[in-house]
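Undergrad: Residues 1 to 317 (UniProt numbering) make up the sequence shown, in order.
Before anything else, here's the structure in question.
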Amino acid sequence: MTMVTTPSVVGVDKRLPREPTHRRPVGEIISPLTYTNDLVNFDHWDHMFITNCSKGLTLYNFDGPPATILDLGCGRGLWAIEAGRQWQGSTVVGFDVQSVQPKLSILDKNLARRLKWVHGNLLDGLPFLDGQFDFVRMVRMGLHIPEDEWGYVLAEISRVLSPNGVLEIIEEDLIFPSQPLFSSVSTGRSSENSSPRSSNTAVSNYTPYTKSDPSIAGNSSKSANLDSLLGSSSSLSLATRRTDKHPSPPDPRDHSRLRRAWEEMLGDSFLTPNLVSVLPFHLGAWFRDIQTHPPLEVPLPPSSLVQTKCSTDHRIA
Numbered sequence: 001m002t003m004v005t006t007p008s009v010v011g012v013d014k015r016l017p018r019e020p021t022h023r024r025p026v027g028e029i030i031s032p033l034t035y036t037n038d039l040v041n042f043d044h045w046d047h048m049f050i051t052n053c054s055k056g057l058t059l060y061n062f063d064g065p066p067a068t069i070l071d072l073g074c075g076r077g078l079w080a081i082e083a084g085r086q087w088q089g090s091t092v093v094g095f096d097v098q099s100v101q102p103k104l105s106i107l108d109k110n111l112a113r114r115l116k117w118v119h120g121n122l123l124d125g126l127p128f129l130d131g132q133f134d135f136v137r138m139v140r141m142g143l144h145i146p147e148d149e150w151g152y153v154l155a156e157i158s159r160v161l162s163p164n165g166v167l168e169i170i171e172e173d174l175i176f177p178s179q180p181l182f183s184s185v186s187t188g189r190s191s192e193n194s195s196p197r198s199s200n201t202a203v204s205n206y207t208p209y210t211k212s213d214p215s216i217a218g219n220s221s222k223s224a225n226l227d228s229l230l231g232s233s234s235s236l237s238l239a240t241r242r243t244d245k246h247p248s249p250p251d252p253r254d255h256s257r258l259r260r261a262w263e264e265m266l267g268d269s270f271l272t273p274n275l276v277s278v279l280p281f282h283l284g285a286w287f288r289d290i291q292t293h294p295p296l297e298v299p300l301p302p303s304s305l306v307q308t309k310c311s312t313d314h315r316i317a
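What follows is the structure in structure tokens.
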């Protein structure tokens, strides 16, 4: 989780191009996910999770409510509406590429007059005045901003921020949450101590972050794992001969094809999976007085194959 204050733009930035340079066709929207009812529900759970972790609407501790607020990628507008309710004197603008926000006419009149929805493509620039906002918030926009366009997006945010404004970003690495089917299985009881892969949802002190990415096990390790599961190498040979005549169906716990599809999707849109590592470079170019929080690591549960192996070991012992 990242907080950035922007007293002024770093001098070297004035030499950088103000126009976007990208491989994306002009006007194209990067949106791999369709905004379904399931994603709407996820937004609600995500909002509750983040506000519970931060004990408020923001991670940054304001001396007083910011007067003008921009919520980039506001989605259904849940956070923007809540900000308008809690900060009675603030004007809140929610910006999104899709018109999925509730109509202002159904909201409280005092709130509706201080709330505004604006629609457009963030990658094509922001339709706001220089220094218009005291606070800009952007949460989990990594799936919509190609790696080569982060610099331009942050330059635009710097432009619309007031001289002492605050930018708050919450981002995560775009990982596919699975492990290779056999990579976590080991002989003996060492599997009990194996730690599952974690989802990193933060920027940690802007130090280089190397994501733990288990590789697919080689043939020799697969053979050893299968030996331990099937009992012996001879039984493995017998099983192999049988499957030649009657191929077994794909293991439902093997998500390698889905993972490859996910990674290809990221590559097609030039979306970096290691966003937590890339962001510090771009932020350092456009902002200073950067504050960060330690990463929030969410461990994933072990696969059912590992759990079955552990249960077998306990029964044998």
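Using N, Cα and C, we set each Cβ at its ideal position, and we do this for glycine too.
#1: So, helix, strand or coil for THR91, using DSSP?
#2: Please name the residue, chosen from PRO66, TRP87, HIS47 and TYR152, that lies closest to GLY77 on a Cα-to-Cα basis.
#3: Under 6 Å Cβ to Cβ from VAL160, same chain only, skipping five residues before and after it: list those, please.
#4: Three-state secondary structure (DSSP) at THR210?
#5: Terminal residues of the continuous beta strand (DSSP E) containing PRO280?
#6: Measuring from the CB of ARG137, is there a heavy atom of the ligand PLP at a distance below 6 Å?
#7: Please check the pair LEU122 and VAL153, which I expect to be a contact at CB under 8 Å, by giving their CB distance rounded to whole angstroms.
#8: Where does ALA67 land, buried or exposed, given buried means 16+ other C-beta within 10 angstroms?
#9: Is the Cβ-Cβ distance between VAL93 and LEU107 less than 7 Å?
#10: Have a look at the DSSP bridge pairing and note the partners of VAL139.
#11: Quick one: Cα of PRO7 to Cα of VAL298, how far?
#12: Just the Cα atoms here: how many angstroms apart are MET141 and ARG114?
#13: Could you give the first and the last residue of the continuous beta strand (DSSP E) run that contains GLU297?
#14: Less than 8 Å between C-beta atoms, sequence neighbours within five positions excluded: which residues of the same chain meet that for GLY151?
#15: What does VAL118 pair with, by DSSP beta-bridge criteria?
#16: Does the beta-carbon distance from GLN101 to TRP117 come in below 7 Å?
#17: Tell me where the beta strand (DSSP E) around ILE69 begins and ends.
#18: Are the CB atoms of VAL136 and ILE170 within a distance shorter than 7 Å?
#19: Assuming CYS74 contacts PHE95 under a Cβ cut-off of 8 Å, what Cβ separation, rounded to an integer in Å, is found between them?
#20: Of the residues HIS144, ALA261 and GLN88, which one's Cα is nearest the Cα of SER109?
#21: Give me, in chain order, the residues of the same chain whose beta-carbon lies closer than 7 Å to that of ASP38; leave out the 5 immediate sequence neighbours on both sides.
#22: Less than 7 Å between C-beta atoms, sequence neighbours within five positions excluded: which residues of the same chain meet that for MET138?
TA: By the coordinates alone:
#1: strand
#2: Residue HIS47 is the option with its Cα nearest to GLY77.
#3: LEU126, PHE128, GLN132 and PHE133
#4: Summary for THR210: the model assigns pLDDT 34, below 50, so the residue's position carries little reliability, and this model does not support an answer.
#5: Careful: PRO280 lies outside any beta strand (DSSP E), inside the alpha helix (DSSP H) at 275 to 286.
#6: For the ligand PLP, the structure offers nothing, since it holds no ligand at all.
#7: 6 Å
#8: Exposed, because fewer than 16 other Cβ atoms sit within 10 Å of the Cβ of ALA67.
#9: no
#10: Looking at the DSSP assignment, VAL139 forms a beta bridge with ILE170.
#11: With a pLDDT of only 45 at PRO7, under the threshold of 50, the placement of this residue in the model should not be trusted; the figure read from the coordinates follows. Cα to Cα, the separation comes out at about 33 Å.
#12: 25 Å
#13: 297 to 299
#14: LEU16, HIS282, ALA285 and TRP286
#15: Paired residues: PHE95.
#16: yes
#17: 68 to 72
#18: no
#19: 6 Å
#20: The identity of residue 109 in the sequence shown is Lys, whereas the question assumes Ser. Among HIS144, ALA261 and GLN88, the Cα nearest to that of LYS109 is on GLN88.
#21: none
#22: LEU72, GLY73 and ILE169
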